[in-house]
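Enquirer:
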Amino acid sequence: MTQVLERGVTFVLGGARSGKSAFAEGLIEASGMDATYLATGRALDDEMSERIALHRARRGSSWSTVEEPLDLVEALQRTCAANRAVLVDCLTLWVTNLMMAERDLAAETAKLVATLPLLKGAIMFVSNEVGLGIVPENRMARDFRDHAGRLHQAVANAAATVYFVAAGLPLKMKG
Amino acid sequence: MTQVLERGVTFVLGGARSGKSAFAEGLIEASGMDATYLATGRALDDEMSERIALHRARRGSSWSTVEEPLDLVEALQRTCAANRAVLVDCLTLWVTNLMMAERDLAAETAKLVATLPLLKGAIMFVSNEVGLGIVPENRMARDFRDHAGRLHQAVANAAATVYFVAAGLPLKMKG
Amino acid sequence: MTQVLERGVTFVLGGARSGKSAFAEGLIEASGMDATYLATGRALDDEMSERIALHRARRGSSWSTVEEPLDLVEALQRTCAANRAVLVDCLTLWVTNLMMAERDLAAETAKLVATLPLLKGAIMFVSNEVGLGIVPENRMARDFRDHAGRLHQAVANAAATVYFVAAGLPLKMKG
């Protein structure tokens with residue numbers, strides 16, 4: 456792996472079980488910066504708890520962890536600092552949580568993008584690409600796909616570096 | 456964006472809400488050619504009408520619009536011209552319409568590919584990649600996926616330039 | 456097509472109907488090596504039989520064929536040889552078969568990866584990327600997606616060369 460972590464925003468997009476989170480964690484660990492894992496997921500059921508535990512075991516004890524399902528911008532403002540790398544994992548879970556809470560997705564996306572240039576240190580966003588399968592049959596899944604896709608475009612536009620990860624291999628799309 | 460529009464066939468493939476149509480529109484607007492939007496979709500319900508209106512608002516008034524759900528080859532023959540760029544948006548909707556009308560997809564694909572070298576100006580096809588999710592449970596969705604995949608291969612083979620778009624970022628696959 | 460087949464492991468990942476198998480077959484035919492098609496699929500129903508017949512018609516008579524739905528490692532050990540190219544088509548069907556037979560997926564993946572460096576000749580794995588759509592609603596499909604994703608990461612890590620294929624066009628991810 457010859458990629459290095461840059462200051463500012465890095466966006467890692469990939470499929471389920473593509474190795475995107477491990478790739479992002481590896482970039483941060485190689486950087487020597489202080490590391491925070493900002494989890495947007497909640498341990499609502501056994502399956503999710505299991506996934507969170509797996510992520511935690513892989514990262515080791517040198518990471519601090521913040522959980523914030525909804526107010527991502529405020530959590531970033533509290534956490535980001537000059538020599539700190541914050542890994543937001545992941546944006547699609549944030550979209551899900553915002554939809555459940557009936558928040559305005561366009562407003563939340565705009566607020567996030569407006570805040571990013573004001574934050575210090577390195578920020579990595581990890582997210583699932585979900586738009587490359589058959590059109591889902593129910594409207595909520597289609598709305599979710601639309602919200603996630605628009606957020607991904609906005610974050611990629613704000614990012615200095617964008618990777619697409621498949622089968623654990625990163626492909627640089629920007630930067 | 457340093458990409459430029461070439462004469463002949465350009466194919467832009469991407470996921471739902473990947474920014475593929477906006478990328479294609481941007482290439483055409485930067486080219487200074489006369490522009491036609493060839494819509495294969497029909498405003499059958501509110502959701503589709505909303506999407507078409509959004510596309511229309513983004514493109515502005517300098518574009519002419521043609522709607523043709525089925526006879527794409529004939530519409531291209533009527534529309535294409537030496538200094539004109541025609542944006543076909545999108546091939547997956549055309550596949551859907553052909554299946555609903557019980558047309559022979561292999562014959563339609565062959566006819567399109569045979570016609571492309573005879574057309575003047577620039578032609579851009581936009582389409583959704585739909586084959587990267589779980590195998591759909593119903594046969595019609597699997598057939599759709601097969602038809603779309605075969606058409607994509609044929610159009611990519613005929614194209615001078617092929618882009619894969621994710622999160623608004625183009626990746627050149629050919630050309 | 457300027458790609459050439461290398462000794463050792465090549466992994467071709469792509470969507471349904473992306474042209475990934477035809478791309479892999481083309482690499483093998485251009486290599487001049489003896490060729491074996493190692494099919495993991497079983498002709499359980501008409502749809503699958505049809506797909507297998509199509510694959511067979513395309514490859515021609517110079518290929519030998521081996522069918523092995525479960526014991527892939529043993530089949531590779533019997534088949535691989537110094538001047539032989541073996542095409543395993545495809546890993547996702549193998550995952551399906553292993554799940555149906557209630558095998559331990561982590562153990563099977565580890566055994567495959569441990570065996571690969573010991574095999575002679577060229578080995579190509581073809582597989583479907585299935586993690587880029589909406590999260591499936593049923594747990595078995597989610598488990599399948601997890602198993603396939605982990606296997607893909609392991610095989611990509613063991614491979615000298617990895618391609619992602621879309622619309623018939625290869626994108627080199629590694630090598």
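Residue numbers (my numbering), protein chains in the order written: chain A, 456 to 630; chain B, 456 to 630; chain C, 456 to 630. All C-beta atoms, glycine included, are put in the ideal place defined by N, C-alpha and C. Just so you know, these numbers come straight off a predicted model, no measurement behind them.
If we count the other Cβ atoms within 10 Å of its Cβ and call it buried at 16 or more, is B:Q532 buried or exposed?
Expert: By one-based count along the second sequence, residue 532 of chain B stands at place 77. Exposed is the call here.
Enquirer: Starting from the C-beta of C:P524, find all residues in its chain whose C-beta is less than 7 Å away, skip the five residues before and the five after it, and write them out in chain order.
Expert: Position 69 of the third sequence, counted from the start, is the residue given in the question as residue 524 of chain C. Closer than 7 Å at the Cβ level, and outside the excluded window around C:P524, lie T495, R497, N552.
Enquirer: Looking only at its chain, what residues have a beta carbon closer than 6 Å to the beta carbon of C:W549, apart from the 5 residues adjacent to it on each side?
Expert: Counting from one through the third sequence, the residue named residue 549 of chain C turns up at place 94. Excluding residues within five positions, the ones whose Cβ falls inside 6 Å are T495, L527.
Enquirer: For the beta strand (DSSP E) that B:M628 lies in, which residues bound it at each end?
Expert: Against the second sequence, residue 628 of chain B aligns to sequence position 173. Residues 624-629.
Enquirer: Closest by CA to C:Q458, which one among C:L587, C:R600, C:F478?
Expert: For the purposes of this step, residue 458 of chain C is taken as residue 3 along the third sequence, with counting starting at 1. Minimum Cα distance to C:Q458 is reached at C:F478.
Enquirer: If you run the structure through DSSP and keep just helix, strand and coil, what is A:T465?
Expert: Your numbering for residue 465 of chain A matches position 10 in the first sequence. It is a strand residue.
Enquirer: At a Cβ cut of 9 Å, what residues of the stretch 457-483 of chain C count as close to chain A, listed as they run along the chain?
Expert: Flagged, chain order: F466, L468, G470.
Enquirer: Quick one: list the residues of chain A neighbouring B:L624, beta-carbon separation under 8 Å, in chain order.
Expert: Taking the first residue of the second sequence as 1, we reach residue 624 of chain B at position 169. Within chain A, the residues near B:L624 are A611, V617, M628, K629.
Enquirer: Less than 6 Å between C-beta atoms, sequence neighbours within five positions excluded: which residues of the same chain meet that for C:I578?
Expert: Here residue 578 of chain C refers to the residue found at position 123 of the third sequence. Within the same chain, C:I578 has close Cβ partners V464, V541.
Enquirer: Check whether the Cβ of B:V585 lies closer than 8 Å to any Cβ atom in chain A.
Expert: If you number the second sequence from 1, residue 585 of chain B lands on position 130. With 8 Å as the cut-off, B:V585 counts as an interface residue toward chain A.
Enquirer: So, is A:M555 buried or exposed, given that buried needs 16 or more other C-beta atoms within 10 angstroms?
Expert: Sequence index remark: in the first sequence, residue 555 of chain A carries index 100 (1-based). That one is exposed.
Enquirer: Excluding five sequence neighbours on each side, which residues of the same chain lie with their C-beta closer than 7 Å to the C-beta of C:L606?
Expert: Here residue 606 of chain C refers to the residue found at position 151 when the third sequence is read from its first residue. Answer for C:L606: L546, V550, T564, listed in chain order.
Enquirer: The stretch 552-570 of chain C: which residues have C-beta closer than 9 Å to a C-beta of chain D, in chain order?
Expert: Here chain D cannot be found, since the structure's protein chains are A, B and C.
Enquirer: Helix or strand or just coil, what does DSSP make of A:N612?
Expert: To locate residue 612 of chain A, count along the first sequence from 1; it is residue 157. Helix, per DSSP.
Enquirer: Are any of the Cβ atoms in chain C nearer than 8 Å to that of B:Q608?
Expert: Residue numbering aside, residue 608 of chain B sits at position 153 when the second sequence is read from its first letter. It does; some Cβ of chain C falls within 8 Å.
Enquirer: Would B:R600 pass as a contact of B:G586 if the rule is Cβ separation under 8 Å?
Expert: Working through the second sequence from its first residue, we reach residue 600 of chain B at position 145. Working through the second sequence from its first residue, we reach residue 586 of chain B at position 131. Going by C-beta atoms, B:R600 is nearer than 8 Å to B:G586.
Enquirer: Apply the 10 Å Cβ neighbour rule to C:A490 and answer buried if 16 or more other Cβ atoms are within range, or exposed otherwise.
Expert: By one-based count along the third sequence, residue 490 of chain C stands at place 35. Burial call: buried.
Enquirer: So that I know if they touch, is there some Cβ in chain B lying closer than 8 Å to that of A:D601?
Expert: By one-based count along the first sequence, residue 601 of chain A stands at place 146. By this cut-off, A:D601 is an interface position.
Enquirer: Select from B:M488, B:A621, B:G470 the residue whose C-alpha is nearest the C-alpha of B:R462.
Expert: Here residue 462 of chain B refers to the residue found at position 7 of the second sequence. Of the candidates B:M488, B:A621, B:G470, the one whose C-alpha sits nearest the C-alpha of B:R462 is B:M488.
Enquirer: Tell me the rounded alpha-carbon separation between B:K629 and A:V467.
Expert: Your numbering for residue 629 of chain B matches position 174 in the second sequence. Your numbering for residue 467 of chain A matches position 12 in the first sequence. Going by the C-alpha atoms only, they are around 24 Å apart.
Enquirer: Label B:E584 either buried or exposed according to how many other C-beta atoms from any shown protein chain fall within 10 Å of its C-beta, with 16 as the threshold for buried.
Expert: Here the question's residue 584 of chain B lines up with position 129 in the second sequence. With 16 or more other Cβ atoms within 10 Å, it is buried.
Enquirer: Can you tell me the Cβ-Cβ gap for B:G631 and C:A471, rounded? I've got them flagged as a contact below 8 Å.
Expert: In the structure as shown, chain B begins at 456 and stops at 630. Residue 631 of chain B is therefore absent and cannot be evaluated.
Enquirer: Check whether the Cβ of B:G604 lies closer than 8 Å to any Cβ atom in chain A.
Expert: The sequence position of residue 604 of chain B within the second sequence is 149, counting from 1. It does not: the Cβ of B:G604 has no partner Cβ on chain A nearer than 8 Å.
Enquirer: Along the beta strand (DSSP E) that carries B:S589, what are the first and last residues, could you check?
Expert: On the second sequence, residue 589 of chain B is found 134 positions in, with the first residue counted as 1. At residue 589 of chain B the sequence reads Ile, which differs from the Ser that was named. Segment: none, B:I589 is in no beta strand (DSSP E) and carries neither H nor E.
Enquirer: Suppose the cutoff is 6 Å on Cβ atoms and the five residues either side in sequence are ignored; what does the same chain contact list for C:A520 look like?
Expert: Residue mapping note: residue 520 of chain C aligns to position 65 of the third sequence, counting from 1. First, the residue type needs correcting, since residue 520 of chain C is Thr and not Ala in the sequence shown. If we look at C:T520 and ignore the five residues flanking it on each side, its Cβ neighbours are Y492.
Enquirer: Here's the rule I'm using: 16 or more other beta-carbon atoms within 10 Å means buried, otherwise exposed. How should C:K475 be labelled?
Expert: For the purposes of this step, residue 475 of chain C is taken as the residue at position 20 of the third sequence. Classification for C:K475: buried.
Enquirer: State the Cα-Cα distance for the pair C:R539 and C:S504, rounded to the nearest angstrom.
Expert: Here residue 539 of chain C corresponds to residue number 84 of the third sequence, with the count starting at 1. Here residue 504 of chain C corresponds to residue number 49 of the third sequence, with the count starting at 1. Roughly 26 Å between the two C-alpha positions.
Enquirer: Just to confirm my understanding: we take A:A537, look at its own chain, exclude 5 residues before and 5 after, and list those with CB closer than 7 Å. What are they?
Expert: Your numbering for residue 537 of chain A matches position 82 in the first sequence. Closer than 7 Å at Cβ, skipping near neighbours: K575, G576.
Enquirer: Does any CB atom of chain B fall closer than 8 Å to the CB of A:I589?
Expert: Within the first sequence, the letter at position 134 stands for residue 589 of chain A. Closer than 8 Å to some Cβ of chain B, the Cβ of A:I589 qualifies, so yes.
Enquirer: In the structure shown, what three-state DSSP assignment does C:V528 receive?
Expert: Taking the third sequence and counting its residues from 1, one reaches residue 528 of chain C at position 73. Reduced to three states, the DSSP call for C:V528 is helix.
Enquirer: For the stretch 510-580 of chain C, which segments carrying the alpha helix (DSSP H) assignment without a break, of at least 4 residues, lie completely within its bounds, in sequence order?
Expert: Taking only runs of at least 4 residues, the alpha helix (DSSP H) segments lying wholly in the stretch 510-580 of chain C are 527-534, 546-555, 560-570.
Enquirer: Give me the chain C residues within the contact set of A:A621, using Cβ-Cβ distance strictly less than 9 Å, ordered along the chain.
Expert: Sequence index remark: in the first sequence, residue 621 of chain A carries index 166 (1-based). Within chain C, the residues near A:A621 are L468, E584, G586, L587, H607, A611, V617, F619, M628.
Enquirer: Tell me where the alpha helix (DSSP H) around C:A485 begins and ends.
Expert: Working through the third sequence from its first residue, we reach residue 485 of chain C at position 30. From DSSP, the alpha helix (DSSP H) with C:A485 extends over 475-486.
Enquirer: List the whole-angstrom C-beta distance separating A:G588 from B:G588, where the pair is believed to meet the contact cut-off of C-beta under 8 Å.
Expert: In the first sequence, residue 588 of chain A corresponds to position 133, counting from 1. In the second sequence, residue 588 of chain B corresponds to position 133, counting from 1. Indeed they touch by this definition, with Cβ atoms about 2 Å apart.
Enquirer: Counting only the same chain and skipping the five closest in sequence on each side, list residues whose C-beta sits under 8 Å from that of C:E529.
Expert: Position 74 of the third sequence, counting from 1, holds the residue named residue 529 of chain C. Contacts found: E523.
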